[in-house]
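Visitor: Residue numbers (UniProt numbering): 1 to 265.
Written as C-alpha cells, this is what we have:
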C-alpha cells in the first residue's frame with residue numbers, strides 16, 4: 001500500500017468512529033461539565049485542567065464547533081487526499097477532544113490509540129511521513145510488549161486469581177445491571193473456574209510478549225494485527241472493556257510501500 005491508500009483507510013476509520021460517537025452520545029457537545037473533578041486523573045489531564053482551557057471550552061457553542069471541526073476536516077481529508085492542511089486541523093481537534101472529553105467524564109479507558117494514526121499525515125514530506133508512520137508502528141509494538149513485561153515485573157503472572165479479580169473489578173457494573181446476559185454467564189463461569197481463568201490470563205500475557213517480533217521484522221505484521229483484534233475482543237467479552245476508540249491504532253500494521261511516488265510538493 002502507498003501513503004494514499006493508507007490515508008484513505010485511516011480517515012474512513014476515523015469517520016466511522018465519529019459516527020459511532022454521535023450515536024453513542026460521546027461527542028463533546030453531548031456532554032455537560034461536571035460539578036466535581038475525579039482526583040485520579042493523571043498529570044497530563046490535571047495540567048490541562050489547571051491551565052483553564054477547560055473553562056474556555058465549556059461554552060456549548062465551542063463544543064459544537066470542535067465536533068463540527070472533527071467531522072468536516074475528516075471528510076475534507078478524504079475529498080482532498082493530497083492535502084495535509086485538513087489532517088492538521090483534524091489532529092489538533094482530536095487532541096483537544098480527547099483531553100476535554102476525559103476531563104469531563106472523569107474516566108480514562110485505554111483509548112490512547114485514537115490519537116496517533118492521524119499524525120503521520122500532517123507531513124507532506126515523504127521522509128517525515130515514513131519516519132512518523134514507522135515510529136507509530138514501533139510504538140504500538142512497544143505498548144503491548146511492555147504491557148506483558150509489566151505483568152511479569154508486577155508478578156501478576158504468579159497470581160492465580162489475577163483474571164478473576166480483574167473481572168470482579170472491571171465488570172462489576174455490567175454484571176450487576178445485566179445478570180442474565182451471555183457475557184455475565186461467561187464471566188461467572190471464569191470466576192468459578194480459577195485454573196481456566198489463569199490459563200487464559202497467561203495466554204494473554206504471551207500474546208502481548210509476542211509483539212516483540214514486530215521489532216525484528218515486518219513479515220508477521222498481519223499476524224500481529226489478528227492477535228491485536230483477538231486480544232481486545234476477548235477483553236471486551238470477559239472484562240467488558242470497549243476498544244473501538246483504541247482499535248484504529250492497528251492501522252500502523254498496514255503494509256507501507258517504501259517509495260516516494262506520492263506527491264510531496
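The beta carbon of each residue, even a glycine, is placed where N, CA and C say it ideally should be. Please read these numbers as outputs of a predicted model, since none were measured by experiment.
Just the C-alpha distance for residue 95 and residue 246, rounded to the nearest angstrom, thanks.
Guide: If you take the alpha carbons of residue 95 and residue 246, they lie about 14 Å apart.
Visitor: Quick one, which of 218, 157, 239 has its alpha-carbon nearest residue 203's?
Guide: Checking every option, the nearest Cα to that of residue 203 belongs to 157.
Visitor: Considering only their Cβ atoms, is the gap separating residue 164 from residue 127 smaller than 8 Å?
Guide: Not closer than 8 Å, so no.
Visitor: Give me, in chain order, the residues of the same chain whose beta-carbon lies closer than 8 Å to that of residue 83; leave out the 5 immediate sequence neighbours on both sides.
Guide: If we look at residue 83 and ignore the five residues flanking it on each side, its Cβ neighbours are 76, 77.
Visitor: Do residue 2 and residue 183 have their beta-carbon atoms positioned less than 8 Å apart in this structure?
Guide: Not a contact, by the Cβ cut-off of 8 Å.
Visitor: Hey, quick one: how far does the alpha helix (DSSP H) through residue 6 stretch, first residue to last?
Guide: Counting along the chain, the alpha helix (DSSP H) containing residue 6 begins and ends at 3-23.
Visitor: Is residue 213 closer than 8 Å to residue 224 when the C-beta atoms are compared?
Guide: Taking 8 Å as the Cβ cut-off, residue 224 and residue 213 qualify as a contacting pair.
Visitor: Nearest CA to the CA of residue 253: which residue from 141, 69, 169?
Guide: Nearest C-alpha to residue 253: 141.
Visitor: Taking 8 Å as the cut-off, decide whether the C-beta atoms of residue 66 and residue 20 are in contact.
Guide: Result no, Cβ atoms of residue 66 and residue 20 do not sit closer than 8 Å.
Visitor: Can you tell me the Cα-Cα spacing of residue 173 and residue 81, whole angstroms?
Guide: So the two alpha carbons sit approximately 43 Å from each other.
Visitor: Indicate whether residue 89 and residue 103 have their beta-carbon atoms separated by less than 8 Å.
Guide: No, these two residues do not count as a Cβ contact at 8 Å.
Visitor: Using three-state DSSP, classify residue 251 as helix, strand or coil.
Guide: Three-state DSSP puts residue 251 in a helix.
Visitor: Buried or exposed for residue 59, please, with buried defined as at least 16 other CB atoms from any protein chain shown within 10 angstroms of its CB.
Guide: Burial call: exposed.
Visitor: Could you tell me which whole alpha helix (DSSP H) segments of length 4 or greater appear in the stretch 142-205?
Guide: For the stretch 142-205, whole alpha helix (DSSP H) runs of length 4 or above, ordered along the chain, are 162-170, 172-177, 182-192.
Visitor: Please classify residue 26: does DSSP put it in a helix, a strand, or coil?
Guide: Note: residue 26 maps to coil in three-state DSSP.
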